[in-house]
Amino acid sequence: MTAFFIPELDPLEASAEDVYAGIRQAAAAETGHSPQELRIFKLWFRRAGVDVEAEVGKPDPLGGQTVLAILDLGRLLPYLVCCGRPG
363 MTAFFIPELD
373 PLEASAEDVY
383 AGIRQAAAAE
393 TGHSPQELRI
403 FKLWFRRAGV
413 DVEAEVGKPD
423 PLGGQTVLAI
433 LDLGRLLPYL
443 VCCGRPG
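Listed below in structure tokens is the structure:
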């Protein structure tokens, strides 16, 4: 099992837990749905008929930015792949 982390985070600037909480709050505000508590490390999905894989800490297969977190928005809703830089 992989230990929880936020990629590219300077631990002297912020804690992984605080940054993750901020990502979850921003996702809830943006989508109107509170993400589930489950922490997801890797997600396989199909986009335009092609199988792709998003993994925390690696480049997003669609946009190229670093995947910071993958959130489950709940039953019948899509997963949210959060990319960029922490902070």
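Sequential numbering from 363 applies to the sequence shown in the working numbering. Glycine included, every Cβ here is placed at the ideal spot set by N, Cα and C. Keep in mind it's a predicted model, so treat the numbers as computed, not measured.
Using the rule of at least 16 other Cβ atoms within 10 Å of the residue's Cβ for burial, across every protein chain shown, is residue i buried or exposed?
i: Leu374; result: exposed
i: Pro421; result: exposed
i: Thr440; result: Before going on, a small fix: residue 440 reads as Pro here, not Thr. Under this definition Pro440 is an exposed residue.
Determine which residues share a DSSP beta bridge with residue i and list them.
i: Ile402; result: Ile432
i: Pro416; result: Per the sequence shown, residue 416 should be read as Ala rather than Pro. According to DSSP, which records beta bridges pairwise, Ala416 is partnered with Leu405.
i: Leu442; result: Leu433
i: Pro373; result: Pro373 pairs with nothing; no bridge assigned.
Using CA coordinates, which residue listed in the options is at the minimum distance from residue i?
i: Thr393; options: Gly446, Arg447 and Asp434; result: Asp434
i: Gly419; options: Ala376, Arg386, Gly384 and Cys445; result: Cys445
| request: Please specify which runs of the beta strand (DSSP E), each continuous and at least 3 residues long, are wholly inside the segment 378-402, giving them in chain order. | output: none
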